[in-house]
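Trainee:
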């Protein structure tokens, strides 16, 4: 028996890069939170404190800023992929790089009805995400996968949701209902196909997928949050050949009917208490049965421990 | 010398009331966070543990739900005022009531381009606020004030902001600049006139004031955040006789130019690091010199200690 | 009628200063979060964008770091007072300065039972606070007040708390109880006397006051949270002539008895659900009837709007 | 090609269970945050909205409370294991259950130097964790694994940390140092052996492992955070045969030396700026090369997407 170093990785987390394009009077801006994760030949740093193979996280941060100038920040999937490829191609000790990007949305302030050329308001608290994973083979980062997504898409239906016919055990007290509020703050992550049907535009793909998720949430008459998630995911895959799989994580933000009977008031689905904790948490994957292999595409820093 | 009870108050904080209007197929919803604050004859509860004058905070919570049905939730200023008046009018020990409401914005999900009748998405993380303060005189809650506002209006200008000519002391190292990013997450609170020029519609007033704040943030060529705040507040008061005063609190969300020179790159206002802490905090009041008296209109629960 | 500039202030918020004393092998550390608030002759910055009287917040930040070296960081009340005096004495446009300090507690890691000379663990999430307010008179900052306190002292009693005999109205459904859990996360702020009975040691005063608060929370058989707060505050003032007044703000962290009857189980005060929102919020001041005047000692940046 | 349901799970997250033991005058309390995750035969709920196999998350919540009475809450590993076994044994559609528990520490308030029998203060913001995963085989939950851990162990060394000899690329500007502050907020998760060397007491194991982590953090003269993590993990496995592997995740909470030279002050490791973002994030596993298989022991709800 021996004690050995197992899976390990390191990087610079949450570098806040803001890129302004000001080539003409009408500015554009991209507001990013960038995290790098490197895997490779770092055993000596652990076991002997030898940094010869260790690119400082400070250098990784510098690279995020420099690439925002050198390569620019167009679609975040490309920016993440450029950075991940660089670490694999140019740093000899790195065998796998994952670059995770969050993008915060802004919209132009309207002045007198016209969009302003350089003044912006934060559009929502929803976050667009992209993660590029690159593996070096034969000294070059040729294998890669892209997982895109969104965090904090907060949605609510005030009707069109039922929950009944469920399994009952000794500890079940929940009443069945054929009309309830359904609300969640959706986290979605989808993995693109790379070789078979890569999207022409990451932005267009993101926009369409987001719209499908919204429309299916609205349109499905829900018998359970599970069913809604499945229908949302299925619709995304049906519409886009370039999506290999999608993972959905949905906290059930419970809205309980307020009991107004003690005050002589009825409450036919009108007044609700929005609860914090506990909450149901429903998680589902919808995938193609012939999807490209994922490799380590899903191995995020957050999932490490 | 004696040890005495000084200012004191109590209430139920953060009751999460969701009101659905479903009278026809097209639902409306109001999503609120309600806090009540009562002042009055509560000395015996402190000094002798005697609750005879103390309405439980649980009852206050119940009242928030019941009023959402009995009185309904239209404009949050009216809902807050109804509740505050009730506590002063109907609870004999209460001499002053303040009801604070936060409202979270939702917008209809569009399906096939059409707004859905009962499916919604959270519009932004910005919060609309209203606080009604009612004082009982001669046994009736006739005196009142309304302070409305917004939290988390996050705005950024990528140019049109300078900062120079400032006072320099022994500890000053900041370089002067004639072009920088100006960004903040604005908190605004404005107090309406009640007797001289009360708004016809709280919703309309809120909407116009918000738009003025946005337009002035965008339009003012800024020599300092102080100047921008003054111009924003001044424009609100100039446009609306019904606003007695406005208070603005603006953290300066610093965006520092990334130093790309070590990598042989120039950076003419293109790549920035968005910093977290520390941050400048600029706070200003703009008011009428003949405004109605405020009384305790500004005495929030958050400001107590 | 005119639109005028009202109360205004600015400063650098949340500068994270860590001071290490390493004069011998046994290090000491002070971990601070420092905010400066300046008031004075800043009207031109607002109305004309003229910064000639405006010391940049960046310079204020630099001063926080420089003073940690020049003056050192002993007791945080002294550090705050030194900084506030400096701004009033040395910056001609400043008439009032308030410096707010939060201190995070650390304790030595014990190795083999012995406290380590330079390795520390964060002791708790409780925060010690101090705010020094200095007013310039005749060109010198001679008037001052000190408000000290603590945030996040989380305490719970599993018995020894009742709540009954309360006022009942139409909306009251709460059952009376003679045994419940009482829990809160206490915020306390106390103002010291400066001229009559200034403490010899701020650290000793803080330590004793904290212990009194804890002991009274534990020792008082509570008929209401109001009563517990009053007894806590009264005991502090009784023990220390140098405290002019104390403000206590206590969210009632409700613990509801879980209903186990449907499962054939009794629950005599054994299993509870800890709720998040809403919560009662009880706030009280205990003061001397002959206390020194407070002036603007309580006017914090957080209370501005 | 077909679109199919992939990995999915659901449960009740963050049920806040507080258990009081009051059999004699000296109370004990356990303060828990419990999450359940069920996997099994739930395809019909997704694809057809059929809940016949779905135990409501509300029932799972009830079970958490009921078990706190029926089985009690001793060591959280046992409580989690009892719950997970129940779901696999008693709910026919469940093939795997994972129950995750966070425990918040409390200590007795001391009154007059004596520990109080029923008054407590929150000891720290550190959280103890346990996750029990049970798989049903032949209709019984016989296979299980336990992963325990801690969150938020915040530690700092004011010296005894170097960082030099690292790999330098085009984007490297970091200076080498032989004396810096090393600080982190440690997340640790360790998996126990079940068949070969199960701990006699989960509490004793947790306590010893925590102490080893602290002592090694303090004792290792660090050439990199990687080295410190390795030494911490190695010491845990060396001391305890019952630990199969340990995962450590450590944000590098950077403390930058304040530049006081512009003010004519030297700064030999005395005054630091504690930065928020970005931060290095170092993650490592230390394991036995002959450890028991982990199965799905690490598949947490948080890691799903």
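Chains as they are written, first to last, in this note's numbering: chain A, 320 to 624; chain B, 320 to 624; chain C, 320 to 624; chain D, 320 to 624. Ideal placement from N, C-alpha and C gives every residue a C-beta, glycine not left out.
Are the beta-carbon atoms belonging to residue 557/A and residue 611/A less than 8 Å from one another?
Mentor: Looking up residue 557/A in the first chain gives position 238. Looking up residue 611/A in the first chain gives position 292. Cβ atoms of residue 557/A and residue 611/A: not closer than 8 Å.
Trainee: Starting from the Cα of residue 395/C, find the closest Cα among 416/C, 423/C, 370/C and 373/C and give me that residue.
Mentor: Against the third chain, residue 395/C aligns to sequence position 76. It is 423/C whose Cα lies nearest to the Cα of residue 395/C.
Trainee: Let me know the secondary structure DSSP gives residue 617/A once reduced to three states.
Mentor: One-based indexing of the first chain puts residue 617/A at position 298. Note: residue 617/A maps to coil in three-state DSSP.
Trainee: Give the residues of chain A in contact with residue 603/B, contact being defined as C-beta atoms less than 9 Å apart.
Mentor: Stepping through the second chain from its first residue, residue 603/B is reached at position 284. Under the 9 Å cutoff, chain A gives no residues; its nearest Cβ is about 20 Å from residue 603/B.
Trainee: Going along the chain, which residues of its own chain have a beta-carbon closer than 6 Å to the beta-carbon of residue 335/A, five neighbours each way excluded?
Mentor: The sequence position of residue 335/A within the first chain is 16, counting from 1. The residues are 352.
Trainee: Out of 551/C, 536/C and 508/C, which one is the CA nearest neighbour of residue 617/C?
Mentor: Numbered from its first residue, the third chain carries residue 617/C at position 298. Closest option to residue 617/C, Cα to Cα, is 508/C.
Trainee: Going by Cα to Cα distance, which pick from 414/B, 399/B and 346/B is closest to residue 374/B?
Mentor: Position 55 of the second chain holds residue 374/B. Considering only alpha carbons, the answer is 414/B.
Trainee: Would you say residue 320/A faces chain D, with C-beta separation under 8 Å as the test?
Mentor: The sequence position of residue 320/A within the first chain is 1, counting from 1. Answer yes: the Cβ-Cβ gap between residue 320/A and chain D drops below 8 Å somewhere.
Trainee: Taking C-alpha atoms, which residue in 559/C, 595/C, 348/C and 599/C lies nearest to residue 442/C?
Mentor: By one-based count along the third chain, residue 442/C stands at place 123. It is 348/C.
Trainee: Compute the Euclidean distance between the alpha carbons of residue 613/C and residue 543/B, then round it to the nearest angstrom.
Mentor: Position 294 of the third chain, counted from the start, is the residue given in the question as residue 613/C. Position 224 of the second chain, counted from the start, is the residue given in the question as residue 543/B. Rounded to the nearest angstrom, the two C-alpha atoms are 32 Å apart.
Trainee: Applying the 10 Å Cβ sphere with the 16-neighbour rule, what's the burial state of residue 380/A?
Mentor: On the first chain, position 61 is the one that residue 380/A refers to. Answer is buried; the Cβ neighbour count reaches 16.
Trainee: Are the C-beta atoms of residue 278/C and some chain D residue less than 8 Å apart?
Mentor: This structure cannot speak to residue 278/C, because chain C is shown only from 320 to 624.
Trainee: What do you get for residue 483/B, buried or exposed, if any count of 16 or more other CB atoms within 10 angstroms of its CB means buried?
Mentor: Against the second chain, residue 483/B aligns to sequence position 164. Counting Cβ neighbours within 10 Å, residue 483/B comes out exposed, since fewer than 16 surround it.
Trainee: Please specify which runs of the alpha helix (DSSP H), each continuous and at least 4 residues long, are wholly inside the segment 372-460 of chain C, giving them in chain order.
Mentor: Within the segment 372-460 of chain C, the complete alpha helix (DSSP H) runs of at least 4 residues are 376-389 and 395-409.
Trainee: Quick check: residue 494/D and residue 453/D, are their CB atoms within less than 8 Å of each other?
Mentor: Residue numbering aside, residue 494/D sits at position 175 when the fourth chain is read from its first letter. Residue numbering aside, residue 453/D sits at position 134 when the fourth chain is read from its first letter. Cβ atoms of residue 494/D and residue 453/D: not closer than 8 Å.
Trainee: Relative to chain B, which residues along the segment 577-610 of chain D have a C-beta separation below 7 Å, given in chain order?
Mentor: Cβ contacts with chain B: 581, 582, 595 and 596.
Trainee: Opposite residue 365/B in the DSSP bridges: which residues?
Mentor: Taking the first residue of the second chain as position 1, residue 365/B is located at position 46. For residue 365/B, which the question treats as bridged, DSSP gives no partner whatsoever.
Trainee: Can you list, in chain order, the residues of its chain whose CB lies under 7 Å from that of residue 525/B, leaving out five sequence neighbours each side?
Mentor: Within the second chain, the letter at position 206 stands for residue 525/B. Result list for residue 525/B: 447 and 467, in chain order.
Trainee: Run down chain B in chain order and give the residues with a C-beta less than 7 Å from the C-beta of residue 492/D.
Mentor: Taking the fourth chain and counting its residues from 1, the one referred to as residue 492/D is at position 173. Neighbours of residue 492/D on chain B, chain order: 581.
Trainee: Check residue 321/D in the structure and name its three-state DSSP category.
Mentor: Walking along the fourth chain from the start, residue 321/D turns up at place 2. Residue state, collapsed to three classes: coil.
Trainee: By the criterion of Cβ-Cβ separation under 9 Å, what are the contact partners of residue 549/B in chain A?
Mentor: Residue mapping note: residue 549/B aligns to position 230 of the second chain, counting from 1. Simply none; closest approach about 17 Å.
Trainee: Can you tell me whether residue 361/B is buried or exposed, with buried defined as 16 or more other CB within 10 angstroms of its CB?
Mentor: Locating residue 361/B in the second chain gives position 42, where the first residue counts as 1. By the 10 Å Cβ count, residue 361/B comes out buried.
Trainee: CA-CA distance, residue 403/B and residue 390/D?
Mentor: For this step, residue 403/B is matched to residue 84 along the second chain. For this step, residue 390/D is matched to residue 71 along the fourth chain. The straight-line gap from Cα to Cα measures roughly 47 Å.
Trainee: Using 8 Å as the Cβ pair cut-off and three pairs as the minimum, do the segment 427-439 of chain D and the segment 531-539 of chain C touch?
Mentor: Yes, they touch.
Trainee: If I measure Cβ to Cβ from residue 456/D and keep anything under 7 Å in the same chain, skipping five residues before and after, which residues do I get?
Mentor: As a first step, residue 456/D must be located in the fourth chain, where it is residue number 137. 462, listed in sequence order.
Trainee: I'd like the list of long-range same chain contacts for residue 340/D, defined as Cβ closer than 6 Å, with 5 residues on each side in sequence excluded.
Mentor: Start at 1 with the first residue of the fourth chain, and residue 340/D comes out as number 21. The answer, listed in chain order, is 347.
Trainee: Please report the Cβ distance between residue 481/A and residue 450/A, rounded to the nearest whole angstrom; I am assuming they are in contact, meaning their Cβ atoms lie under 8 Å.
Mentor: As a first step, residue 481/A must be located in the first chain, where it is residue number 162. As a first step, residue 450/A must be located in the first chain, where it is residue number 131. Not a contact, Cβ separation roughly 36 Å.
Trainee: Just curious, the beta strand (DSSP E) that residue 499/D is in, first and last residue?
Mentor: The residue labelled residue 499/D in the question sits at position 180 within the fourth chain. Where residue 499/D is concerned, there is no enclosing beta strand (DSSP E), given that its DSSP letter is neither H nor E.
Trainee: Relative to the C-alpha of residue 572/C, which residue among 364/C, 357/C, 474/C and 469/C is closest?
Mentor: Position 253 of the third chain, counting from 1, holds the residue named residue 572/C. Measuring from the Cα of residue 572/C, the nearest candidate turns out to be 474/C.
Trainee: Can you name the start and end residues of the alpha helix (DSSP H) that residue 550/B belongs to?
Mentor: Within the second chain, numbered from 1, the residue matching residue 550/B stands at position 231. Where residue 550/B is concerned, the enclosing alpha helix (DSSP H) stretches over 544-558.
Trainee: Return the chain-ordered list of same chain residues with a C-beta closer than 6 Å to the C-beta of residue 398/C, the five sequence neighbours on each side being excluded.
Mentor: For the purposes of this step, residue 398/C is taken as the residue at position 79 of the third chain. 392.
Trainee: Can you tell me where the beta strand (DSSP E) holding residue 593/C begins and where it ends?
Mentor: Translated into positions along the third chain, residue 593/C becomes position 274. Residue 593/C -> beta strand (DSSP E) spans 590-593.
Trainee: Sorted by chain position, which residues of the same chain lie with C-beta nearer than 6 Å to residue 337/A's C-beta, five sequence neighbours on each side aside?
Mentor: Residue 337/A sits at position 18 when you count from the first residue of the first chain. Same-chain partners within the cutoff: 350.
Trainee: Would a C-beta distance cut-off of 8 Å place residue 329/B and residue 565/C closer than the cut-off?
Mentor: Walking along the second chain from the start, residue 329/B turns up at place 10. Walking along the third chain from the start, residue 565/C turns up at place 246. Their beta carbons are not under 8 Å apart, which means residue 329/B does not touch residue 565/C by this criterion.
Trainee: Cutting at 8 Å between CB atoms, please list the residues of its own chain near residue 439/D, excluding the five before and the five after it.
Mentor: Stepping through the fourth chain from its first residue, residue 439/D is reached at position 120. Within the same chain, residue 439/D has close Cβ partners 348, 425, 426, 427 and 428.
Trainee: Please return the same chain residues whose Cβ sits closer than 8 Å to the Cβ of residue 384/A, not counting the five positions on each side in sequence.
Mentor: Against the first chain, residue 384/A aligns to sequence position 65. Same-chain partners within the cutoff: 334 and 336.
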